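Structure first, commentary second.
Numbering (this note's numbering), first residue to last: 719 to 850.
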């Protein structure tokens, strides 16, 4: 019997990671594979599981704390980095997301529905409220 972990169970959803630098480097390397190849391997089985997962994470600037760091290959896979104080409302957050994201050539035909941006803005707002 195969037991699916958190990432496979998030297929077709948003996988949120708080304080990415706190994760061990080997776990960050696993996330790199998820973001690059869009699949995961299930430990102990010779099977690759294709996934459609939107990965969102938080981190303080590297010079802000003496905690861990984000491995460079993983950092390069993120489409945008937002360096800002927290926006006061979701509309401002969506404007910042649109402004700061990196557009990749294969995304010319990609349409991100407005409601997904609203969901993401709400998720990040709620995550910040819980962290306080």
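All C-beta atoms in this analysis are idealised placements derived from N, C-alpha and C, irrespective of residue type, glycine included.
Fair warning: this is a prediction, and the values are worked out from it, not measured in the lab.
Indicate the three-state DSSP secondary structure (helix, strand or coil) for residue i in the structure shown.
i           : result
residue 735 : strand
residue 717 : Here the chain has residues from 719 to 850 only, and residue 717 is not among them.
residue 767 : strand
residue 822 : coil
residue 748 : helix
residue 812 : helix
residue 832 : helix
residue 799 : coil
residue 843 : helix
From the DSSP output, read off the bridge partner residues of residue i.
i           : result
residue 775 : 735
residue 805 : Per DSSP, none; premise fails for residue 805.
residue 758 : 767
Using CA atoms only, rank isn't needed, just tell me which of the options is closest to residue i.
i           : options               : result
residue 925 : 777, 749 and 826      : This structure leaves residue 925 out entirely; the chain is present only between 719 and 850.
residue 732 : 753, 760, 743 and 742 : 753
residue 761 : 823, 798, 725 and 816 : 725
residue 737 : 832, 744, 786 and 727 : 786
Would you kindly work out how many angstroms separate the C-alpha atoms of residue i and residue j, rounded to a whole number?
i           : j           : result
residue 813 : residue 790 : 27 Å
residue 768 : residue 723 : 14 Å
residue 739 : residue 826 : 31 Å
residue 765 : residue 756 : 14 Å
residue 829 : residue 796 : 18 Å
residue 822 : residue 804 : 26 Å
residue 837 : residue 831 : 10 Å
residue 763 : residue 820 : 35 Å
Give a yes or no on whether the minimum CB-CB distance between residue i and chain B is below 8 Å.
i           : result
residue 742 : In the displayed structure, chain B is absent; only one protein chain is listed.
Taking the CB atoms as reference points, tell me whether residue i and residue j lie closer together than 8 Å.
i           : j           : result
residue 774 : residue 729 : no
residue 824 : residue 798 : no
residue 845 : residue 734 : yes
residue 808 : residue 843 : yes
residue 746 : residue 788 : yes
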